[in-house]
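Here the protein sequences line up with chains A and B, keeping their order. Going by the working numbering, the final residue of the first sequence carries number 960, and the count climbs one at a time with no gaps. Going by the working numbering, the final residue of the second sequence carries number 1026, and the count climbs one at a time with no gaps. Take a look at the structure below.
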Amino acid sequence: MVLLCLFPIPVLLVSCFIGPSELASSKSIFEYFRHLLFNTDAENATNLLTVQSILIDVRLPRIILAFLVGGALSVSGSSLQAIFRNPLVSPYILGLSSGAAFGAALALAWAFLPVQLSAFIFGLVAVALSYVAAIKHKNLSIVSLILSGVIVTGIFTALLTVVQYLSDPFKLQSIVHWTMGNLHNASWKLLNASYIPILLGVIVLYLMRWRLNVLALGDEEARTSGVNPVREKIIVLIAATLASSAAVSVAGIIGLYGLIVPHMVRMMIGPDNRQGTIINFLFGGTFLLIIDDFSRTIAGFEIPIGVITMLIGAPFFLYLMKKTNIGWEN
Amino acid sequence: MGKLNMAISVENLTFSYGKNTVLQNAYAEIESGKLTVILGKNGSGKSTLLRIIAGLLPYQHGKIAVSGKELNTMNLSQRSKLFGFLGQKHKAIFPFTVEQVVLTGRAGQVSFTPKKTDMERAANAIEKVNISHLRGRIYTELSGGEQQLVMIARVLAQEPKILLLDEPTTHLDFCNQAKLLSLIKELTTQSLTVVAVLHDPNIAFLYGDDFLFVKDGAIEHPAVHTKPWSADYLKSVYDYELLSIPYAERALIVPETKHS
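Rendered as C-alpha cells:
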C-alpha cells in the first residue's frame, strides 16, 4: 500500500530524463539540477538555457499531463465499474470516446472551435444523450444505460465517418492521428485547460469512495440501508464523465486504459474502493507516464500512446485474467 | 395495552403492478418483538407486501404506519433506522471481504466514510451471527448458507428495529434453514421484530410466533381460536389437499399423496 503510494515519485523524476532531444542528455540535466540546487557556476550558460526550456516547457507539462490523464481514466473507470456493477465497463461506455472523436474531427476539419474544447463538449453531449435516452419514469436502469451508450456510440461513429469522408487528405490524417490518442501536443496551455475538470471529478470520486462499495452491492441493498442509489449514481456518473472527457479532449482516445488499470489495482489491493480510488489515481497516472516514456523512446518516431496501451494492455490483461482470480467468474 | 405492542399497522392498502391488482384494501397488524411469518401461494403478493413495507415499492392508496408514524413521510435514512431488509438471493460481483460487505449496512448513518464506531457496530453484528471466523474471507467464495449469514449480519449492522426477510431460506439446505431460523428466533428475544416471508409452512409453524396469510389481494390474520396449521385452513390458502400431523402443540404439514 505505502509502496504503491510512493511508486509515482521515482517514475516522475526518471521521466524528466527521457526524451528524444540530444541536447538534453542525462549529463546536462544533472548539471542543470546541480546548478539549480547549489547555484554552481555554469560552464555553458546557453546550453543550460536550452536544457531548461526543454525540461520546463516540453517535458514537465507532458509528464504532468500524462499523469493526470492516466489517473483520471483509471479512477473514472473503477468508479463506473462499481456503480454499473460490471467489471467490463470503461469510461467510454456511454459514448464519450466517439462523441469526443467526432467533436475533435469537426474542429480539425472546419476549425470553428479549438479542437480540445470541441472534443470536450461533444464528449459530454454524447454521455448526456445516452443518459437521457436511458431514463424512464425517473428510473435509471443500468442495462438501458449500456444499451443507449452503444446506440449513441454508433451514431457518433457514423457522423465521424461522414466528417472523415468530407475532409481533405491532410485533415483526414490529423483526424486519424487524434483518434489514436497521443500526448505529443502537451503544453502548459493544454494542462491549464484540463486540470480543473480532471481534479474536480477525481476529488468528487474520492469523496464518494466508500459509497462506491455500497452501490457496488446493488440498488436494493443500498436503498434499504438508507442510500438513494439513483441520486448517488448520477453524482458518480457526472464526476467520472467530467474527469474522463477532459482527459480525452487533451489526449485523444487512449484505448482499454480505463478498463484495465482498475483490474490491475483490484488484483493488487482487492476491491475496496476506499483504497482503490486513490491507488487508481496514483498507479493509473504513473503507469501511463511509463507507457508514454516508452512511446517517446522506443522507436525513432513517436508511437501514439493509444496504440501502445492497446498493444501492451490487451495481452497483459489476458495473461492476468488467466493467471489470477479476478473474482467475477460466477 | 394492545396498541402499544403494535410494530406495523397496514390500513386499507391497495397496490397494483399496472392493471394487475395484487393487494386490495388490505389490513394487517404486526406485533413487535415477535417473529411474524407471511405465508401464501406463489404470486399471491406476500413478497410485494414485504417490499412495500421496506420502501422498495411505492404505495399510492392506504396507510402503513410504524408506531403511529406514516411511512410515506419518512426519508430513506429515517427508514433505514427502522427497517432492515434482506431480499432473495443476493448476487455479488466484486470479491469484497465479509467485513467490507457487513460495513456497508452502516451506509444510511455515514456521510462519507465509516468511522470507528461504524466498524465496531459491524464487528458486533458479525459476532451476533457467529461468523467471526469468516471476517476476512472473500464473500463471493463462501457457501450459500454462509453468504446468507453475512447478509443478515449486514442488516444487523444497520441496527434496525424491524427486520424484513424475503424468503431467507430459499437457497439453503435443510440444516442451514434450521440454523438460520434459530438465529432469527434468538434475535426476537433481544426485542427485535422480525417479519419473514416463507415458502415452507413447516418451517413457519416450527419457529413463527404469529402468521399472516396473503390470499386474493387480502391479508388474513387467523382469528384467535383458529388454528392456522389445521388442514382445512391451509387448504383454503393453498388450494391443495394437505395433511396436518399433530406435533409439539402445532402440526407438521405434508401434501396428500396417492399412496398415503
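From the three backbone atoms N, C-alpha and C, an ideal C-beta is built for every residue, glycine too. Here the structure is a predicted model, which is why all the values come from computation and not from measurement.
In this structure, A:S778 sits near A:S760, with a CB-CB distance shorter than 7 Å. Note that the C-beta distance between B:A888 and B:A858 is not below 7 Å.
Judged by DSSP in its simplified three-state form, A:M898 adopts helix.
DSSP lists no beta-bridge partner residue for A:A846.
Under the criterion of beta carbons closer than 8 Å, A:Y949 and A:L918 do not qualify as touching, at roughly 19 Å.
Straight-line spacing of the CA atoms in A:A877 and B:L938 works out to 48 Å. Between A:T783 and A:G725 a beta carbon distance of about 4 Å is seen, short of the 8 Å cut, so the two are scored as contacting. Taken through DSSP and simplified to helix, strand or coil, B:Y825 comes out as coil.
An exposed status is given to B:H991, since fewer than 16 other beta-carbon atoms sit within 10 Å of its beta-carbon. Counting the other Cβ atoms within 10 Å of the Cβ of A:M838 gives 16 or more, which makes it buried. Ranked by how close their Cα comes to the Cα of B:D1005, the residues B:K993, B:E1022, B:T955 have B:E1022 in first place. DSSP places B:P1012 outside any alpha helix (DSSP H); the residue lies instead in the beta strand (DSSP E), whose first and last residues are 1008–1013. Contact between the region 937–957 of chain B and the region 900–913 of chain B is present: three or more C-beta pairs spanning the two stretches fall below 8 Å. With the criterion set as a beta carbon lying under 9 Å from some beta carbon of chain A, the members of the region 832–860 of chain B are N841, L842, S843, Q844, R845, S846, K847, F849, G850, F851, L852, G853, H856, K857, A858, I859, F860, in sequence order. Within 7 Å of the CB of A:L837, the CB atoms of chain B belong to F878, in sequence order along the chain. Excluding residues up to 5 positions away in sequence, V868, A891, I892, V895 lie with their Cβ nearer than 6 Å to the Cβ of B:A919 in the same chain. Setting aside the 5 residues that flank it on each side, A:I694 is surrounded in the same chain by L821, each with a C-beta closer than 7 Å to its C-beta; the list follows chain order. Membership of A:Y722 in any alpha helix (DSSP H) is not indicated, and neither H nor E is assigned to it by DSSP. Apart from the 5 residues on each side of it in sequence, A:D923 sits with its Cβ closer than 6 Å to the Cβ of S645, I648 in its chain, given in chain order.
For secondary structure counted as the alpha helix (DSSP H) over 4 or more consecutive residues, the region 904–958 of chain B holds these complete runs in sequence order: 910–923, 940–954.
Rounded to whole angstroms, the separation of the alpha carbons of A:I833 and A:H807 is 31 Å.
Listed along the chain, the chain A residues whose CB falls inside 8 Å of the CB of B:L822 are E850, R853, T854. Out of A:I684, A:F946, A:I935, the CA that lies nearest to the CA of A:A881 is found in A:I935. In this structure, B:Q826 is the residue among B:L915, B:M772, B:Q826 with its C-alpha nearest to the C-alpha of B:S782.
Between B:I928 and B:T959 a beta carbon distance of about 4 Å is seen, short of the 8 Å cut, so the two are scored as contacting.
The alpha-carbon of A:D798 is positioned some 35 Å away from that of A:V719. Judged by their CB atoms, A:I884 and A:L698 are not nearer to each other than the 7 Å cut-off. A:V895 and A:A737 have their alpha carbons spaced roughly 36 Å apart. Contact annotation for B:Q924 against chain A: S855, G856 [CB-CB distance below 8 Å, chain order]. Here the region 843–855 of chain A lies against the region 870–878 of chain B, with 3 or more beta-carbon pairs under 8 Å apart. Under the 10 Å beta carbon count, A:M631 is surrounded by fewer than 16 other beta carbons and is classified as exposed. Rounded to whole angstroms, the separation of the alpha carbons of A:R926 and A:Q803 is 20 Å. Secondary structure note for A:A929: it is in no beta strand (DSSP E), with a DSSP letter that is neither H nor E. Checking the DSSP bridge columns, you'll see B:T780 partnered with B:H827. In the DSSP assignment, the residues bridged to B:M772 are B:E797.
In the three-state reduction of the DSSP assignment, A:P640 falls in the helix class.
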